[in-house]
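Numbering (our numbering), first residue to last: 1115 to 1384. All C-beta atoms in this analysis are idealised placements derived from N, C-alpha and C, irrespective of residue type, glycine included. Here the structure is a predicted model, which is why all the values come from computation and not from measurement.
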Amino acid sequence: MEHASLVDGLPQTLRDAEAPGFQLFPGFAETSLTNAIREDVTMIARAAAAGSDVSPALVMPENQGLEGRSPEDVVSKIFRLHRRPIFLEFIKDPRVVDIVVSAIGQNVDCFLSQFIFKNPRARGQPWHQDSYYFPFEPLRPIVGLWLAITEATLENGCLHILPGSQTEDLKKHIPDRRVDANNGYVEIVDHDMSESQPCLLQPGDLMVFDSHLMHKSTDNFSDDVRAAMVWHFALAGTKDPGVVRNGKRLPSPVNDWMPYLRDGAVRVPV
């Protein structure tokens, strides 16, 4: 994989034809931060299992019937985290601000955050483009920041990406055809993925990628969790149509639009 030092190697836009659609920043976060993030989401998972109100966080269980001694052993993802102090402080880091400004511009909103547990025996997510889940106006620019909380290996279900695929249009996605697939999982089935490559990461490594970049994760065959924290950003003023439920259009249950940058400066709510 191509490495970079802070924003020096970040393309002005990740979707440029000459760009790979992603960038890796090794060792971006300290172990103390990745450990604290994991401790915070573990607390949320346990509180939710005990019946406590953890809103605005949204806890999503795995559909594969995983077993474990603790509530966090059977969780798939926790959404809507970016207003919590530890997650908010991360995106206020001047280095993160520089990355987002370079990728999107001076006026940006954070609309989605999720912690991915990827527990042992959990399935991966098929080939997809994040923009399939973001039918916004405008459709782009949107970028994701993927922070490795634990090591990501071939055995525990690391990401695989298709470099350059961010230049292609949004592909047809069909529902994940596996039995007991997680809610909302879809897959691209009509594209050559033979040039894909795995993303082998260490805790604290940060990946930045365009919303059209095709990527997947594989199943976790190890005995350890493969955890990651992800934030998504879009141009300020982007219109989110929400979702249709029972004939009514409602706000997305996982999106939480928050002002982030205005004129290049952090402007998150106090």
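Asked	Found
Nearest to Pro1249 (by Cα), restricted to the options Leu1375, Gly1361, Arg1376, Gly1356	Gly1356
Between the CA atoms of Phe1136 and Asp1187 - distance to the nearest angstrom	30 Å
Spatial distance of Leu1268 from Gly1361 (CA atoms)	42 Å
Alpha-carbon spacing of Asn1334 relative to Val1344, whole angstroms	18 Å
Classification of Ala1162 by the beta-carbon crowding that lies within 10 angstroms, buried from 16 upward	buried
Residue range of the unbroken alpha helix (DSSP H) whose run includes Arg1152	1145-1163
Start-to-end residues for the alpha helix (DSSP H) that takes in Ile1200	1199-1206
Beta-carbon spacing of Cys1272, Cys1224 below 8 Å	no
Buried or exposed (CB count within 10 angstroms, at least 16 for buried), Asp1154	buried
Residues that DSSP places opposite Asp1223 in a beta bridge	Ala1348, Pro1373
Buried versus exposed, by CB contacts within 10 Å (16 or more), Met1157	exposed
Environment of Leu1364 [buried if 16+ CB atoms lie within 10 Å]	exposed
Inter-stretch contact (C-beta, 8 Å, three-pair minimum) for the segment 1189-1200 and the segment 1226-1234	yes
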